[in-house]
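Visitor: Numbering-wise (numbering that gives the first Met the number 0), the sequence shown opens with residue 0 and increments by one.
First the structure, which I've put down as structure tokens, then a few questions once you've had a look.
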Amino acid sequence: MKKMKSIYIIVLLMILSACSKDFLEEKPLGQLTSDNFFLNEEHAIQSVNATYEMLRDFRIHVFAYIALTDIISDDADKGSTPSDGAPVLVADEFTLDPGSLIIDDSWQGYYRGVKRANWVIARVPDIDMDPDLRARIVGEAKFLRAYFYFKMVRWWGGIPLVLEPLDREDIKIPRASVDEVYSAIISDLTDAANVLPLKSQYAASDLGRVTKGAAQGLLAKVYLTRHEFDKTVEMAMAVINSNEYSLASNYANIFRKEGENGPESVFEVQAKPSLIGGWCQYNQVQSIRPSKGWGFNRPSDDLVRAYEPGDPRREATVLYVGEVVPDGSYIVPDNPEMFNERYNQKAWVPDSERAGGGGSNQGGGNIRILRYADVILMAAEALNEMGQSEQARQYVNMIRDRARGALPPQILKPIETTNQSELRELIWKERRVELGMEQHRWFDLLRTGRAAEVMQAQGKNFIPGKHELLPIPQSEIDLSAGSVTQNPGY
């Protein structure tokens, strides 16, 4: 393993921002180097907490993230006012290029997350501490590294694969193949699943740390993306049979404060209101313009039409002008500067969470990354592809039954077909409406090979063979002196 004489950004790495809950609330330690850090159990915990902190970084789960997951898809439009948000408009219009700000931000942010995880994985095993805790911390870091790389490989394809701390000189790393990146992701998640505790085994103060179920659930998604359906079923069923999770009785409540870390939560990013600008803005950038947020990521007309008549998930997903927000704190005003105004009801800022009164309105809602409903639908999709359509049908109907609740039986009627092709289409549609505005749609379109057909039907300038991947930032190509090559068409 290559060594650095000093960890030159270690102070920032250790400042665990206010955008975190119990296990992330650590104090800055001052100037630290590789000689006086990674020495004890406290250092091990602080280092992995700093890796979790990256999940709240603006470059990872905020502006660029919603642009490159929702806005780029048929689920959402840019939103805000017509003249606002040029950096994300390029995703909506498929005019991204190697100099696009959101491309560079995402690349930088995710690799910084990888960097922090690499330090934990490389140095914590040498610390003299409780062996079970040591193994758990390394497992957490491996999950997080896999999570970062899984996003990147789906956006960019083959990328430089960095699995250990590097010297500053070691920057001319060529792109690994897609298979090599996925092999590393699967290895990390498998290691994590073997050592991480179940959700129920964590203390209350550690609620929100990654679990065995989170690693298995993410592995299921990796295998589904790879069309390895037997392994998808194996991992999804491990989560289902663990009895650690259940579908929440009220769909809308999942996305409210009372739904955080609930029975359906497999993994979510922890947060709380912040007085520090620029850190906890996932909800702010999507919340109600002008006084509560920025108004980006507007649910599209096509998404609204995708819901069946009476499906309560539409009302739980889309927030309209004149409606009272879910906590009853205010009514959505009509903003004359916005066209066809509506908002993502799964990401908004309540008055009670506007930190500092009228100062910051970043909000503290957790980001739901992986829900049990997603795992069930992954199992259904993979089972159907394996010819087990009856069991797949039953799983899809579990999701529809929960959504229907106490409504009349003619709403969201049970699916009856076991025809594989018909059921496949119904499962894809169910994923869209169940997981709408939760940043899954674009990756679903890519892995199922439907991106070109769907986006061209929306009138988008989607070019097959080009727009399935994002451009590599030109700054990275230049920095690597050409070792990193550009994606086709850019």
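Each residue gets a CB set at the ideal place from its N, CA and C atoms; glycine is no exception.
Is N296 helix, strand or coil when you go by DSSP?
Guide: Along the sequence shown, one-based indexing puts residue 296 at 297. Three-state DSSP puts N296 in a strand.
Visitor: Here's a check: name, in chain order, each residue in its chain whose Cβ is nearer than 7 Å to the Cβ of P472, leaving out the five neighbours to either side.
Guide: In the sequence shown, residue 472 corresponds to position 473, counting from 1. Here the set comprises P97, I102, D103, W106.
Visitor: Is it true that the segment 407-427 meets the segment 255-268, where meeting means three or more beta-carbon pairs spaced less than 8 Å apart?
Guide: They do not touch, by the three-pair rule.
Visitor: Under 6 Å Cβ to Cβ from I330, same chain only, skipping five residues before and after it: list those, please.
Guide: Residue 330 sits at position 331 when you count from the first residue of the sequence shown. Counting only Cβ-Cβ distances below 6 Å, and skipping sequence neighbours, we find V323.
Visitor: DSSP puts S328 in a beta bridge; with which residues?
Guide: Position 329 of the sequence shown, counted from the first residue, corresponds to residue 328. None, per the DSSP bridge assignment.
Visitor: Quick one: what's got a C-beta closer than 7 Å to L23's C-beta in the same chain, skipping five residues either side?
Guide: Against the sequence shown, residue 23 aligns to sequence position 24. The predicted position of L23 is uncertain, since its pLDDT is 45 and thus under 50; no value can be drawn from it.
Visitor: Given A191, which residues of its chain have a CB within under 6 Å of its CB, disregarding the five upstream and five downstream residues?
Guide: If you number the sequence shown from 1, residue 191 lands on position 192. Here the set comprises G138, K141, F142, A214.
Visitor: Going by the CB atoms, is the gap between P86 and A66 shorter than 9 Å?
Guide: What you label residue 66 is simply residue 67 of the sequence shown in a count that begins at 1. What you label residue 86 is simply residue 87 of the sequence shown in a count that begins at 1. Contact: yes.
Visitor: At the level of alpha carbons, what is the spacing between Y244 and E467?
Guide: Taking the sequence shown and counting its residues from 1, one reaches residue 244 at position 245. Taking the sequence shown and counting its residues from 1, one reaches residue 467 at position 468. Near 34 Å, if we compare the C-alpha coordinates of E467 and Y244.
Visitor: Pull up the CB-CB distance for S46 and V119, whole angstroms please, since I reckon it's below 8 Å.
Guide: Numbered from its first residue, the sequence shown carries residue 46 at position 47. Numbered from its first residue, the sequence shown carries residue 119 at position 120. That pair is a contact at about 5 Å.
Visitor: Going by alpha carbons, who is nearest to F461 out of P289, L95, F62?
Guide: Position 462 of the sequence shown, counted from the first residue, corresponds to residue 461. Checked all of P289, L95, F62; the closest Cα to F461 is L95.
Visitor: Please list the segments of the alpha helix (DSSP H) lying wholly inside the segment 428-474, counting only runs of 4 or more residues, in order along the chain.
Guide: Listed in chain order, the complete alpha helix (DSSP H) runs (minimum 4 residues) inside the segment 428-474 are 440-446, 450-456.
Visitor: Reducing DSSP to helix, strand and coil, say where E179 ends up.
Guide: As a first step, residue 179 is located in the sequence shown; it is residue number 180 there, counting from the start. Three-state DSSP puts E179 in a helix.
Visitor: Is R312 closer than 9 Å to E433 when the C-beta atoms are compared?
Guide: Counting from one through the sequence shown, the residue named residue 433 turns up at place 434. Counting from one through the sequence shown, the residue named residue 312 turns up at place 313. Taking 9 Å as the Cβ cut-off, E433 and R312 qualify as a contacting pair.
Visitor: Can you give the Cα-Cα distance for L469 and Y489, rounded to whole angstroms?
Guide: Mapped onto the sequence shown, residue 469 falls at position 470. Mapped onto the sequence shown, residue 489 falls at position 490. When rounded, the distance between both Cα atoms is 9 Å.
Visitor: Check E322 in the structure and name its three-state DSSP category.
Guide: Here residue 322 refers to the residue found at position 323 when the sequence shown is read from its first residue. In the structure shown, E322 sits in coil (DSSP, three-state: anything other than H, G, I, E or B).
Visitor: Going by DSSP in three states, L369 sits in which element: helix, strand or coil?
Guide: Counting from one through the sequence shown, the residue named residue 369 turns up at place 370. L369: strand per DSSP, three-state reduction.
Visitor: How would you label D373, buried or exposed, when you count the other beta carbons within 10 angstroms and need 16 or more for buried?
Guide: Here residue 373 refers to the residue found at position 374 of the sequence shown. D373 should be labelled buried.
Visitor: Taking only the alpha-carbon atoms, compute the straight-line gap between S123 and E163 and give it to the nearest angstrom.
Guide: The residue labelled residue 123 in the question sits at position 124 within the sequence shown. The residue labelled residue 163 in the question sits at position 164 within the sequence shown. A small fix is needed here, since residue 123 is Val in this sequence, not Ser. Between V123 and E163, the C-alpha separation is close to 13 Å.
Visitor: Measuring only the C-alpha atoms, how far is F37 from Q283?
Guide: To locate residue 37, count along the sequence shown from 1; it is residue 38. To locate residue 283, count along the sequence shown from 1; it is residue 284. Cα to Cα, the separation comes out at about 35 Å.
Visitor: Taking 9 Å as the CB-CB limit, is G364 close to chain C?
Guide: No chain C is part of this structure, which consists of one protein chain only.
Visitor: Run through the segment 165-226 for me and flag every whole alpha helix (DSSP H) of 4 or more residues, listed as ranges in chain order.
Guide: Within the segment 165-226, the complete alpha helix (DSSP H) runs of at least 4 residues are 177-194, 211-224.
Visitor: By DSSP's criteria, V268 is part of a beta bridge. Which residues make up the other side?
Guide: Residue mapping note: residue 268 aligns to position 269 of the sequence shown, counting from 1. DSSP, once it has assigned bridges, lists I366 as partnering V268.
Visitor: Tell me, please, which residues DSSP counts as bridged to N343.
Guide: Working through the sequence shown from its first residue, we reach residue 343 at position 344. V317.
Visitor: My parser needs the alpha helix (DSSP H) runs of 4 or more residues fully inside the segment 64-139; what are they?
Guide: You should have 85-91, 100-122.
Visitor: Do the CB positions of L369 and K220 come within less than 9 Å of each other?
Guide: Translated into the one-based positions of the sequence shown, residue 369 becomes position 370. Translated into the one-based positions of the sequence shown, residue 220 becomes position 221. It is a contact, given that the beta carbons lie within the stated cut-off.
Visitor: Does DSSP put V61 in a helix, in a strand, or in coil?
Guide: Taking the sequence shown and counting its residues from 1, the one referred to as residue 61 is at position 62. Correct three-state label for V61: coil.
Visitor: Using the C-alpha atoms, what's the distance from Y281 back to F254?
Guide: Here residue 254 corresponds to residue number 255 of the sequence shown, with the count starting at 1. Here residue 281 corresponds to residue number 282 of the sequence shown, with the count starting at 1. Their backbone Cα atoms lie some 13 Å apart in a straight line.
Visitor: Straight-line CA distance for S264 to A63?
Guide: Position 265 of the sequence shown, counting from 1, holds the residue named residue 264. Position 64 of the sequence shown, counting from 1, holds the residue named residue 63. Taking the straight line from one Cα to the other gives about 24 Å.
Visitor: Would N339 be called buried (16 or more neighbouring beta carbons within 10 Å of its own) or exposed?
Guide: Residue mapping note: residue 339 aligns to position 340 of the sequence shown, counting from 1. Its Cβ having fewer than 16 others within 10 Å, N339 is exposed.
Visitor: Less than 6 Å between C-beta atoms, sequence neighbours within five positions excluded: which residues of the same chain meet that for S388?
Guide: Numbered from 1 along the sequence shown, position 389 holds the residue referred to as residue 388. Excluding positions up to five away in sequence, the list reads T417, Q419, L422.
Visitor: How long is the line joining the alpha carbons of Y319 and D333, rounded to whole angstroms?
Guide: Residue mapping note: residue 319 aligns to position 320 of the sequence shown, counting from 1. Residue mapping note: residue 333 aligns to position 334 of the sequence shown, counting from 1. For Y319 and D333, the distance between alpha carbons rounds to 9 Å.
Visitor: Among A247, R403, P335, Y371, which has the Cα closest to the Cα of E314?
Guide: The sequence position of residue 314 within the sequence shown is 315, counting from 1. Minimum Cα distance to E314 is reached at R403.
Visitor: Measuring CA to CA, which of S328, Y394, E307, E437 is closest to N365?
Guide: Locating residue 365 in the sequence shown gives position 366, counting from the first residue. Residue E437 is the option with its Cα nearest to N365.
Visitor: Where does P262 fall in DSSP's three states?
Guide: In the sequence shown, counting from the first residue as 1, residue 262 sits at position 263. Reduced to three states, the DSSP call for P262 is coil.
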